[in-house]
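Numbering (this note's numbering), first residue to last: 29 to 599.
Dropping the structure here:
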């Protein structure tokens, strides 16, 4: 605690010394990313289409490493994160503050290969290989030998079966499961022996392997979970490259190297320590003065701050951009009036000046959005979106007309649940200000992460303003989690039987073009029903001191991007 206290005192001193250097305002970024320095916006943070070449981190040709650049062992990776984890249960959590430490303490059957970006490649992790039956319904995984949990017990096929069953059947697993819908196609899981897992699906599903590559399909020790009576909110016993050491609320959390990690020679680092620094300016000062080496993008660094780094410290600190599949806007509780009336939800969407909201919320570092599918190959064409009401510009008259038809010509009062981070509150304020133009008075109920998540799951809210990320950009996830009846993240209670029918149909369609047609029809339904009014999708900067090596930021999303076992310190 003494060390933590000295760190916090140091951070306070840094803040006072560097207050003049920290940006005190967020200027609107120059719209053209190719503008000359120093006024240019981040080159990989386009404000138009996400597929623009500048949005993709370049994939450099491999070059031989000089002897001085070979991976080294030892050292502690220090980082700064914007909040506390609400829980340690990777199967029930959905917030980035928890994912930051859960992603490195657990393993899954398979994982994304971050070194393959921008290509998407799934590689084995606890599984050494897998086979698919000729009919595409049965997946057989062979487990790696020698993998152990952090308490020394071996990882067995029964642990894998138990973990997947825990996710897809939360009552049996004694845990709420926001991702149970992603395993809806699974009919059975068998463990014929200690090193073999067999998963059977209802129908062929092309996205199955990519979906389970997300780190939150982690394998937990069955014995420990049962001993804890299903409560893993304060316990981490994984098989990952790092083990949990300690956590002090509001101060820091720390992980140490797992000496028994089943991947030979890994990890390189002795440990990871992340300080909870909620104030963005304090965290920025700590990074600039090297009190931390790593900026957890939770919340992400602002465009103004990245400009300071690029103009003053680019030789020492790296900044690279990707696209974050996280909708920013407002989710409606459609199970209770007045938001059960579709016309009111449509009216809210019409009040959004999406370009201005993006400029104000993220200084333009993102993509204007209205479709429920994040930017990429599955989303609706831009030319179609431009014709959608409220996409290109707000329609206040249209919104007032809908309010009158619904019986609220003078507007009404409502509330909105907001996570208590500056970035989430900022989005809530943008939504509140937008709807005020047509007489809707929205009170923001700002809650700490643990309270926020509990209220969401109990549907104890009228609306939820802010943002929420997707575990995958495949339509099976992006159009399933928040919209299919009964899905784990469908906290607004949206239900449309025809939409559900199309969802099942697209998931079973292996022909990509045929599937695309179905996926686009689903998006058109959501544009009409508006269970979530989406304003924009963000770009995200990854920022770290250049002596941190072995990190390859992805093009899309950060849930797959942290291969801590490959990271090492050059100094």
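A virtual CB, placed ideally from N, CA and C, is assigned to each residue, including glycine.
Could you name the residues that DSSP lists as bridge partners for residue i?
{"i": "residue 221", "result": "224"}
{"i": "residue 440", "result": "468"}
{"i": "residue 28", "result": "Residue 28 falls outside the range modelled here, since the chain spans only 29 to 599, and no answer is possible."}
{"i": "residue 566", "result": "394"}
{"i": "residue 600", "result": "Given a span of 29 to 599 for the chain in the structure shown, any question on residue 600 remains unanswerable."}
{"i": "residue 512", "result": "Answer by DSSP bridge pairing: none, since residue 512 is not bridged."}
{"i": "residue 107", "result": "302, 322"}
{"i": "residue 577", "result": "596"}
{"i": "residue 284", "result": "271, 299"}
{"i": "residue 216", "result": "228"}
{"i": "residue 350", "result": "568"}
{"i": "residue 246", "result": "136"}
{"i": "residue 345", "result": "573"}
{"i": "residue 276", "result": "280"}
{"i": "residue 182", "result": "176"}
{"i": "residue 561", "result": "358"}
Within its chain, find whatever has a CB closer than 6 Å to the CB of residue i; leave out the 5 residues flanking it on each side and keep chain order.
{"i": "residue 289", "result": "269"}
{"i": "residue 132", "result": "268, 270, 592"}
{"i": "residue 558", "result": "373, 374, 377"}
{"i": "residue 567", "result": "73, 349, 351, 393, 394"}
Using C-beta distances below 7 Å, list every residue in its chain close to residue i, excluding the 5 sequence neighbours before and after it, in chain order.
{"i": "residue 89", "result": "With a pLDDT of only 43 at residue 89, under the threshold of 50, the placement of this residue in the model should not be trusted, and no figure is reported."}
{"i": "residue 574", "result": "344, 345, 346"}
{"i": "residue 523", "result": "513"}
{"i": "residue 530", "result": "546, 549, 550"}
{"i": "residue 304", "result": "109, 111, 112, 278, 279, 280"}
{"i": "residue 483", "result": "445, 475, 489"}
{"i": "residue 152", "result": "138"}
{"i": "residue 318", "result": "573"}
{"i": "residue 306", "result": "110, 111"}
{"i": "residue 371", "result": "430, 433, 434"}
Residues in its own chain within less than 8 Å of residue i by CB, not counting five upstream and five downstream?
{"i": "residue 472", "result": "443, 444, 446, 453, 456, 457, 460, 493"}
{"i": "residue 150", "result": "138, 139, 140, 141, 237, 238, 241"}
{"i": "residue 595", "result": "105, 295, 296, 297, 576, 577, 578, 579"}
{"i": "residue 200", "result": "193, 194"}
{"i": "residue 553", "result": "524, 526, 527, 530"}
{"i": "residue 55", "result": "Note on residue 55: pLDDT 36, under 50, position unreliable in the model; the coordinate value appears next. Cβ within range, chain order: 332, 391."}
Taking the alpha-carbon positions, what's the residue i to residue j distance?
{"i": "residue 357", "j": "residue 231", "result": "34 Å"}
{"i": "residue 512", "j": "residue 391", "result": "33 Å"}
{"i": "residue 415", "j": "residue 348", "result": "33 Å"}
{"i": "residue 308", "j": "residue 451", "result": "10 Å"}
{"i": "residue 118", "j": "residue 518", "result": "19 Å"}
{"i": "residue 159", "j": "residue 223", "result": "14 Å"}
{"i": "residue 541", "j": "residue 547", "result": "10 Å"}
{"i": "residue 439", "j": "residue 491", "result": "16 Å"}
{"i": "residue 334", "j": "residue 555", "result": "34 Å"}
{"i": "residue 496", "j": "residue 516", "result": "13 Å"}
{"i": "residue 581", "j": "residue 321", "result": "16 Å"}
{"i": "residue 342", "j": "residue 505", "result": "37 Å"}
{"i": "residue 183", "j": "residue 250", "result": "10 Å"}
{"i": "residue 413", "j": "residue 465", "result": "24 Å"}
{"i": "residue 212", "j": "residue 228", "result": "11 Å"}
{"i": "residue 408", "j": "residue 433", "result": "29 Å"}
{"i": "residue 394", "j": "residue 570", "result": "14 Å"}
{"i": "residue 190", "j": "residue 254", "result": "10 Å"}
{"i": "residue 208", "j": "residue 336", "result": "42 Å"}
{"i": "residue 244", "j": "residue 561", "result": "27 Å"}
{"i": "residue 487", "j": "residue 509", "result": "16 Å"}
{"i": "residue 423", "j": "residue 431", "result": "13 Å"}
{"i": "residue 611", "j": "residue 214", "result": "No statement about residue 611 is possible, as the shown extent of the chain runs from 29 to 599 and does not include it."}
{"i": "residue 520", "j": "residue 122", "result": "16 Å"}
{"i": "residue 403", "j": "residue 385", "result": "17 Å"}
{"i": "residue 94", "j": "residue 338", "result": "Note on residue 94: pLDDT 46, under 50, position unreliable in the model; no value is reported."}
{"i": "residue 565", "j": "residue 174", "result": "42 Å"}
Using a threshold of 6 Å, is the CB atom of residue i nearer than that to any non-hydrogen atom of the ligand FAD?
{"i": "residue 184", "result": "The ligand FAD is not part of this structure, which contains no ligands at all."}
Next on the checklist: Give the list of continuous beta strand (DSSP E) stretches no shorter than 3 residues that lie fully inside the segment 133 to 178.
Outcome noted: 138 to 140, 150 to 152, 155 to 160, 166 to 171
Next on the checklist: Tell me whether the segment 419 to 438 and the segment 378 to 393 touch, counting them as touching only if at least three CB pairs, one residue from each stretch, are closer than 8 Å.
Outcome noted: yes
Checklist entry - So, do the segment 363 to 372 and the segment 340 to 353 have three or more beta carbon pairs nearer to each other than 8 Å? => result They do not touch, by the three-pair rule.
Checklist entry - Counting Cβ pairs, one atom from each stretch, are 3 or more of them under 8 Å apart for the segment 530 to 540 and the segment 313 to 329? => result Output reads no: the segment 313 to 329 does not touch the segment 530 to 540.
Checklist entry - Can you list the alpha helix (DSSP H) stretches of 4 or more residues lying completely in the segment 523 to 549, in chain order? => result 525 to 536
Next on the checklist: Below 8 Å, how does it come out for the segment 292 to 306 and the segment 153 to 167: are there three or more Cβ pairs, yes or no?
Outcome noted: no
Next on the checklist: Pairs of beta-carbons, one from the segment 276 to 292 and one from the segment 210 to 229, closer than 8 Å: are there three or more?
Outcome noted: no
Next on the checklist: Would you call the segment 166 to 182 in contact with the segment 473 to 483, where contact means no fewer than 3 C-beta pairs closer than 8 Å?
Outcome noted: no
Checklist entry - In chain order, which continuous runs of the beta strand (DSSP E) of length 3 or greater are located wholly inside the segment 381 to 434? => result With a minimum length of 3 residues, the continuous beta strand (DSSP E) runs that stay inside the segment 381 to 434 are 394 to 396.
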